[in-house]
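> Questions regarding the structure given below will be posed in turn.
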Amino acid sequence: EGSLLTTFGVITSAMRTCCVRYRYFSGSVTNWLDHAKENYGGQYSETQVEGTRSLARLFPLFAFQILYRACIMQIPSGYYLQTINSNLHFSGFVLPVAAMNVISIVPLLILVPILECINSYLFSSKNTGHSPTIYIVVGQLSAALSVMIAGFSEIHRKHFPQVEQTLSEEVLLVSSMPCFHLAPQYILLGVAEALLTPSCSLLSFWLVPERLRGISMHFLTLFNGAGCFIGAFFVQTVHASTQGNWFPHLLHEGKLERFFFFLASLMIVNALGFWTIAHRYNNLNQEYTHEFRGSPPEEKLLSHKKAIKCYDSVLERSPLLSPAEKT
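Start counting at 1 in the sequence shown, then tack on 140, and there's your number in our numbering.
The following block contains the structure:
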């Protein structure tokens with residue numbers, strides 16, 4: 141029931157039945173996936189369809205992570221270019237370019253355990269209104285702020301005089317601005333990762349039935365990978381469409397800050413877009429609890445007893461049945 145083949149089968153069956161009913165029959169259902177149910181002409185049980193529906197509700201959440209991943213891809217592209225073209229000398233030796241990436245890892249090491257304690261406390265208490273969606277919105281805004289600061293840092297970097305710097309036995313003309321001036325943008329991107337990634341994983345795991353949790357995490361990974369590819373494609377497209385002006389080989393000859401500002405504006409729109417649908421995942425937790433977790437065994441036993449008593453009372457009061465038929 142929890143296989144990927146079943147999930148795609150439910151979606152395909154619902155779409156096929158929906159098209160047939162729209163063309164030849166009248167009537168409607170609550171949700172288009174209901175067409176895959178056996179009582180609506182499909183071939184899947186209600187449990188399978190409801191599980192697929194809970195997974196389909198997460199697709200907007202996954203889609204809003206694509207642009208965020210494209211932003212994260214700026215660390216090995218735009219951010220590294222800025223670092224290479226900055227002064228890497230520190231206390232008499234040259235820092236490796238990847239040393240700046242350590243700065244973005246520090247917020248992960250600090251914030252993730254703290255957020256884990258906060259989430260454990262909130263979920264252990266009976267605060268059903270709490271949802272990690274606020275972390276996702278703040279994380280996306282933090283990523284947008286990081287890229288915006290990267291644009292201002294690029295303008296700031298160009299105001300410093302150029303000096304010679306040797307990297308990999310190659311002499312380069314770089315800005316004399318110390319590379320540590322770029323630390324805020326790395327820190328903010330690390331904060332975004334610490335807030336957003338665990339929250340998305342938590343929602344992807346918590347808001348689907350147990351049998352579909354593995355598939356849900358696979359879809360999250362798939363969309364994250366798509367965001368990385370789109371980020372690389374985005375860089376190539378900007379470089380080609382602006383003829384290297386927005387993403388130049390030599391930073392002092394181009395306008396890399398324009399690319400960062402454009403990406404920051406897209407990230408802000410992305411964060412606001414997710415904010416408008418975040419309430420779906422607050423309600424989805426309650427619906428999932430109601431639909432899939434079921435009732436305790438005692439409540440089920442009482443409901444069965446009530447049904448039997450009701451059936452017996454109907455038999456006793458019915459004048460149409462003979463005593464032999466009632467027994």
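Just so it is clear, CB atoms sit at the ideal spot from N, CA and C, and this is done for glycine as well.
Please go through the same chain and pick out, in chain order, the residues whose beta-carbon is closer than 7 Å to the beta-carbon of E366, but skip the five residues on each side of it.
Within the sequence shown, residue 366 is the residue found at index 226, counting from 1. Before going on, a small fix: residue 366 reads as Ala here, not Glu. Closer than 7 Å at Cβ, skipping near neighbours: I206.
> Roughly how many angstroms lie between the CA atoms of A284 and A404, to the nearest whole one?
In the sequence shown, the residue the question calls residue 284 occupies position 144. In the sequence shown, the residue the question calls residue 404 occupies position 264. For A284 and A404, the distance between alpha carbons rounds to 5 Å.
> What residues in its chain sit with their C-beta under 6 Å from that of V278, if we drop five residues either side in the sequence?
The residue given as residue 278 occupies position 138 in the sequence shown. Closer than 6 Å at Cβ, skipping near neighbours: L335.
> Any idea what DSSP makes of E304, helix, strand or coil?
By one-based count along the sequence shown, residue 304 stands at place 164. In the structure shown, E304 sits in a strand (DSSP, three-state: E or B).
> Skipping 5 residues on each side, what residues in its chain have a beta carbon closer than 8 Å to that of G218?
Counted from its first residue, the sequence shown places residue 218 at position 78. Correct list, in chain order: A290, V375, F387, L396, F399, F400.
> Apply the 10 Å Cβ neighbour rule to V287 and answer buried if 16 or more other Cβ atoms are within range, or exposed otherwise.
Looking up residue 287 in the sequence shown gives position 147. By the neighbour-count rule (16 or more Cβ atoms within 10 Å), V287 is buried.
> Please list, in chain order, all residues of the same chain as R353 whose beta carbon is under 7 Å from its beta carbon, the five residues on each side excluded.
By one-based count along the sequence shown, residue 353 stands at place 213. Cβ within range, chain order: F345.
> Are the beta-carbon atoms of V470 and N227 separated by less than 8 Å?
The structure shown does not extend to residue 470, since the chain is modelled only from 141 to 467, so the question has no answer here.
> Using DSSP bridges, identify the partner residues of L313.
Here the question's residue 313 lines up with position 173 in the sequence shown. Looking at the DSSP assignment, L313 forms a beta bridge with E304.
> Check V348 in the structure and name its three-state DSSP category.
On the sequence shown, residue 348 is found 208 positions in, with the first residue counted as 1. DSSP places V348 in coil when its eight states are reduced to three.
> So, does the CB of L248 fall closer than 8 Å to a CB anywhere in chain C?
In the structure shown, chain C does not exist; there is a single protein chain.
> Rounded to a whole number of angstroms, what is the C-alpha to C-alpha distance between C368 and M213?
As a first step, residue 368 is located in the sequence shown; it is residue number 228 there, counting from the start. As a first step, residue 213 is located in the sequence shown; it is residue number 73 there, counting from the start. If I take the Cα positions, the gap works out to 6 Å.
> Measuring alpha carbon to alpha carbon, tell me which residue in F202, I215, T361 is nearest A372.
What you label residue 372 is simply residue 232 of the sequence shown in a count that begins at 1. Per the Cα distances, I215.
> Note the first and the last residue of the continuous alpha helix (DSSP H) segment covering N225.
Residue mapping note: residue 225 aligns to position 85 of the sequence shown, counting from 1. Counting along the chain, N225 falls outside any alpha helix (DSSP H), and DSSP gives it neither H nor E.
> Can you name, in chain order, every residue of its own chain whose Cβ lies under 7 Å from the Cβ of N364, other than the five neighbours on each side?
Stepping through the sequence shown from its first residue, residue 364 is reached at position 224. Taken in chain order, the residues that qualify are Q205, R209.
> Nearest-angstrom Cα distance between L255 and P200?
Looking up residue 255 in the sequence shown gives position 115. Looking up residue 200 in the sequence shown gives position 60. Those two C-alpha atoms are separated by around 24 Å.
> Take every Cβ of the stretch 236-247, pair it with every Cβ of the stretch 313-330, and state whether three or more of those distances are shorter than 8 Å.
yes
> Look at the alpha carbon of M357 and the alpha carbon of E309, and state the distance between them as a whole number of angstroms.
Locating residue 357 in the sequence shown gives position 217, where the first residue counts as 1. Locating residue 309 in the sequence shown gives position 169, where the first residue counts as 1. Spanning the two alpha carbons is a distance of roughly 44 Å.
> Go ahead and pull the three-state DSSP assignment for P247.
Mapped onto the sequence shown, residue 247 falls at position 107. Of the three classes helix, strand and coil, the one that applies to P247 here is helix, per DSSP.
> Please look up how many angstroms separate the CB atoms of L221 and L329, rounded, as I've assumed it's under 8 Å.
Working through the sequence shown from its first residue, we reach residue 221 at position 81. Working through the sequence shown from its first residue, we reach residue 329 at position 189. About 15 Å separates the two Cβ atoms, so there is no contact after all.
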